[in-house]
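J.:
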Amino acid sequence: MEITIKNLLLQELTRRQTRNSSYSLRAFARDLGIGATTLSDVLADKRSLSKTNLGKVMEKLLVSPVEKEKLWNDYKDNVNRPRELDDKTVLEEDVFRLIADWHYVAVLNLANIKNNQARPEWIAERLGIKVEEAEDAIERLQRLKLVRKAHGRLVQTGRDLATTTDIPSAAIRKHHSQNLRLAEEALHNVPVDFREFSSVTVAANLEKLSAVKQILLKTRKKINDLLETGEPSEVYTLSFQLFPLTKLQSTTEEENG
């Protein structure tokens, strides 16, 4: 078997799982002293270990001098290889996930709550997500330099999300789809005093649609500013949905034409 960090990790993981069938990838990452997402990405050939993490892993795996020399040489070769494409791919994936999956922005906003905790277990309990999802969210937000850890808490850096790529429409659609699902869950599970659902059905003049969108945008900002006044204690999401119940005539005519 070729001496690579991936092969050594897989070999050790298999050995531990043979001894304990319930031993998970997350437990392995914990014992190695690295993030679960980092470990998963290394095993999937999506990224390489950093110099610090490589040193940690080699120490935990008790690699031989020959293996250590081979792994360090591989690391040096990898560092000297152009990484623009890899970095760009990681950035695009991080941005996609941040927009598409609701819990990333929720974790980001938890950082604005006093006495928040940077522990994945605490975040998972507050948001009703898996611990692994909380760990992954923290790692991605740190990679994007949107949060940092300080004294056991998450702190927003105040940095704007900068990317050279457009946000994929698929990410935006997935975001809205998840919000609709979350709204349905809240409708059934959150007491009425802590939520607001309302709707109106109207005969609409499409020439006014652009103006209505601007009103909704301004209203959303006003509500956002009001809710953030004082000391926040919870994370809320505000969604507007405005869509036709009738089949749009222009679309129907184009399809028939």
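Heads up: the sequence shown begins at 240 in our numbering, then just goes up one per residue.
The C-beta atom is built at its ideal place from N, Cα and C for all residues, glycine as well.
Bear in mind that the values here come from a model prediction, so they are computed numbers and not experimental data.
What first and last residue would you give for the alpha helix (DSSP H) that runs through Q256?
T.: 244-258
J.: Under three-state DSSP, which class holds Q395?
T.: The DSSP-derived three-state label of Q395 is strand.
J.: What is the DSSP secondary structure of V441, reduced to helix, strand or coil?
T.: coil
J.: From D340 to S303, what distance separates their C-alpha atoms?
T.: In a straight line, the C-alpha of D340 is about 42 Å away from that of S303.
J.: Could you tell me the boundaries of the alpha helix (DSSP H) in which R420 lies?
T.: 408-428
J.: Cα separation between E241 and V296?
T.: Straight-line Cα distance between these residues: approximately 17 Å.
J.: Can you tell me the Cα-Cα spacing of N495 and K460, whole angstroms?
T.: Here the model assigns N495 a pLDDT of 47, short of 50, so the residue's position is not dependable and the matter cannot be decided.
J.: Using the Cα positions of Q256 and F482, report the straight-line distance between them to the nearest angstrom.
T.: 51 Å
J.: To the nearest angstrom, how far is it from the Cα of P359 to the Cα of E424?
T.: Straight-line Cα distance between these residues: approximately 23 Å.
J.: In chain order, which continuous runs of the alpha helix (DSSP H) of length 4 or greater are located wholly inside the stretch 457-481?
T.: none
J.: Distance, Cα to Cα, N259 vs L271?
T.: 17 Å
J.: Between the Cα of S289 and the Cα atoms of R387, V305, D313, V346, which residue gives the shortest distance?
T.: D313
J.: Could you give the DSSP three-state label for V451: helix, strand or coil?
T.: helix
J.: Grab me the residues of S478's own chain with a C-beta within less than 8 Å of its C-beta, minus the 5 sequence neighbours each way, in chain order.
T.: Short of 8 Å from the beta carbon of S478, and not among the five residues preceding or following it, lie these beta carbons of its own chain, in chain order: H415, N418, L419, A422.
J.: Comparing C-alpha positions only, which one of V429, T253, K353, V451 sits nearest to H390?
T.: K353
J.: Go ahead and label E515 buried or exposed: buried means 16 or more other beta carbons lie within 10 angstroms of its beta carbon, across all protein chains shown.
T.: A query on residue 515 cannot be resolved here, the shown segment of the chain reaching from 240 to 496 and no further.
J.: Using the rule of at least 16 other Cβ atoms within 10 Å of the residue's Cβ for burial, across every protein chain shown, is I454 buried or exposed?
T.: exposed
J.: Ends of the beta strand (DSSP E) at V386?
T.: 386-389
J.: Could you check the C-alpha separation between L385 and D432 for me, to the nearest Å?
T.: Rounded to the nearest angstrom, the two C-alpha atoms are 32 Å apart.
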